[in-house]
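K.L.:
Here's a structure for you.
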Amino acid sequence: MAKRVVIAVGGNAILQPHQAPTFEAQLRNVQVTAAQIAKVEAMDYEIVLTHGNGPQVGNVLQQNDIAKDVVPPFPLDACNSETQGSIGYMLEQSLKNALNRQKSSANVVTFLTQVKVDPAFKKPTKPVGVFYSEEEAKKLQVDKGWDMVEDAGRGWRRVVPSPSPLRIHGVDAIVHLLEQNMMVVAGGGGGIPVYQNSQGEIEGLEAVIDKDRTGCKLAQQVDADVFMILTDVSNVCVNYGTPDQKAFKSISVDEAQQYLDEGQFAAGSMCPKVESAIAFAKSGKTAIICALDEADLALRGKAGTQISVYN
Numbered sequence: 001m002a003k004r005v006v007i008a009v010g011g012n013a014i015l016q017p018h019q020a021p022t023f024e025a026q027l028r029n030v031q032v033t034a035a036q037i038a039k040v041e042a043m044d045y046e047i048v049l050t051h052g053n054g055p056q057v058g059n060v061l062q063q064n065d066i067a068k069d070v071v072p073p074f075p076l077d078a079c080n081s082e083t084q085g086s087i088g089y090m091l092e093q094s095l096k097n098a099l100n101r102q103k104s105s106a107n108v109v110t111f112l113t114q115v116k117v118d119p120a121f122k123k124p125t126k127p128v129g130v131f132y133s134e135e136e137a138k139k140l141q142v143d144k145g146w147d148m149v150e151d152a153g154r155g156w157r158r159v160v161p162s163p164s165p166l167r168i169h170g171v172d173a174i175v176h177l178l179e180q181n182m183m184v185v186a187g188g189g190g191g192i193p194v195y196q197n198s199q200g201e202i203e204g205l206e207a208v209i210d211k212d213r214t215g216c217k218l219a220q221q222v223d224a225d226v227f228m229i230l231t232d233v234s235n236v237c238v239n240y241g242t243p244d245q246k247a248f249k250s251i252s253v254d255e256a257q258q259y260l261d262e263g264q265f266a267a268g269s270m271c272p273k274v275e276s277a278i279a280f281a282k283s284g285k286t287a288i289i290c291a292l293d294e295a296d297l298a299l300r301g302k303a304g305t306q307i308s309v310y311n
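If you read the sequence shown in UniProt numbering, its first letter stands for residue 1, the second for the next number, and so on.
Written out as structure tokens, the structure is:
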């Protein structure tokens, strides 16, 4: 019987920092990503793929701002849905081509995903969009009223509210698709944040949900065997970037939580990845954090960092 894995890839797997944000550049990156995901499918896994959209939704917001005097800007939740569609299109096409090359009978479908969140959120914490210099960031704070933070030493970015996901809408449909030999792209950009109003109706919220936290919630709700987070480093490390840096091949939930409490992992970068991996692994299953090009090796235990209660 096929095992089930939820794989989360970052927005940087679609657009690299300081890379021109053209459609062609993003499609080329997605094609590389798709080739790696196809290797996992060849190992007889049912796959739900979720992805980030930080650079992309930031660019949509920038487009809206530039054109606001001509075309009324859309709210942030609608911008999230736009990026789910555009990135989903690139992923679905690239994945199907990659699967065809390896003679797989699996198909691919993109699932527009709404995610219930707690509407009582306030502090902006989620980086979106392009990187700015400190001087540019300060000017944007004054000119546009944006909240700006330094993002893991890579430059300054805009931050927006980022509520925690409470429930993924449409999970029964996702599971049905998996059972029909479909690879499902879902929860893109963390999903479209929604809540239930006083009349019991669903409404959108202007926020961006962290894709790793949504990936964890998705993995729990579809009863995945493995939750895998693909990033641009090979392992979870402590004392990162220092002579005392230590990489882990495996780590227990308790040990990972201890390092998390010590502040070993950068906010907006490795921190939500480790938090999400811990949350999933607490159930007795395995979470993996690894480099994009080592996904298949990591599932064989030959790369990445395995997080579980048993280590």
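For each residue, glycine too, the CB sits at the ideal point set by N, CA and C.
Alpha carbon to alpha carbon, how far is I192 from T125? Give it in angstroms, no decimals.
P.N.:
So the alpha carbons of these two residues sit roughly 17 Å apart.
K.L.:
So what does DSSP say about G304, is it helix, strand or coil?
P.N.:
Coil at G304, not helix or strand.
K.L.:
Could you confirm whether any beta carbon from chain B is found closer than 8 Å to the beta carbon of C271?
P.N.:
In the displayed structure, chain B is absent; only one protein chain is listed.
K.L.:
Can you tell me where the alpha helix (DSSP H) with G58 in it begins and where it stops?
P.N.:
Start and end: 54-66.
K.L.:
Please look up how many angstroms separate the CB atoms of A34 and L112, rounded, as I've assumed it's under 8 Å.
P.N.:
Contact flag wrong, Cβ pair sits at about 20 Å.
K.L.:
Would N235 pass as a contact of T305 if the rule is Cβ separation under 8 Å?
P.N.:
Yes, the pair counts as a contact, with Cβ atoms nearer than the cut-off.
K.L.:
Whole angstroms is fine: what's the gap from P163's alpha carbon to L260's?
P.N.:
Each residue's alpha carbon lies about 20 Å from the other.
K.L.:
Cα separation between Q199 and S105?
P.N.:
Spanning the two alpha carbons is a distance of roughly 44 Å.
K.L.:
By alpha-carbon positions, which one of V71, A186, L140 ends up nearest to G170?
P.N.:
Among V71, A186, L140, the Cα nearest to that of G170 is on A186.
K.L.:
Hey, how far is the Cα of A98 from the Cα of K217?
P.N.:
If you take the alpha carbons of A98 and K217, they lie about 27 Å apart.
K.L.:
Is I202 buried or exposed, if buried means 16 or more other CB atoms sit within 10 Å of its CB?
P.N.:
By the neighbour-count rule (16 or more Cβ atoms within 10 Å), I202 is not buried but exposed.
K.L.:
Are I87 and N53 touching if we call contact CB-CB under 8 Å?
P.N.:
In contact: I87 and N53 (Cβ atoms closer than 8 Å).
K.L.:
I'd like the list of long-range same chain contacts for N107, defined as Cβ closer than 6 Å, with 5 residues on each side in sequence excluded.
P.N.:
Result list for N107: M182, in chain order.
K.L.:
Whether or not the region 221-235 and the region 279-295 are in contact is what I'm after, with contact meaning three or more pairs of Cβ atoms, one per stretch, closer than 8 Å; do they touch?
P.N.:
Taking 8 Å as the limit for Cβ pairs, the verdict is that the region 221-235 does touch the region 279-295.
K.L.:
Considering only residues of the same chain and omitting the five flanking positions on each side of N197, which have a CB-CB separation below 8 Å?
P.N.:
Cβ within range, chain order: E203.
K.L.:
Kindly indicate which three-state DSSP category I14 falls into: helix, strand or coil?
P.N.:
I14: coil per DSSP, three-state reduction.
K.L.:
Quick check on this structure: which residue in G301, V115, A25 has the alpha carbon closest to the alpha carbon of S250?
P.N.:
The shortest Cα separation from S250 among G301, V115, A25 belongs to G301.
K.L.:
Applying the 10 Å Cβ sphere with the 16-neighbour rule, what's the burial state of G241?
P.N.:
G241 comes out exposed.
K.L.:
Less than 8 Å separating the beta-carbons of N59 and G129?
P.N.:
Yes.
K.L.:
From the DSSP secondary-structure annotation, give me the bridge partner or partners of C271.
P.N.:
Answer by DSSP bridge pairing: none, since C271 is not bridged.
K.L.:
Find the nearest neighbour of G284 within the set G190, A2, V309, Q62, judged by alpha-carbon distance.
P.N.:
When only C-alpha atoms are compared, the closest one is V309.
K.L.:
For F265, which option in A247, K282, F280 has the closest C-alpha, if you only look at C-alpha atoms?
P.N.:
The option with the nearest alpha carbon to F265 is A247.
K.L.:
In whole angstroms, give me the CA-to-CA distance for Q36 and D296.
P.N.:
Cα to Cα, Q36 sits roughly 8 Å from D296.
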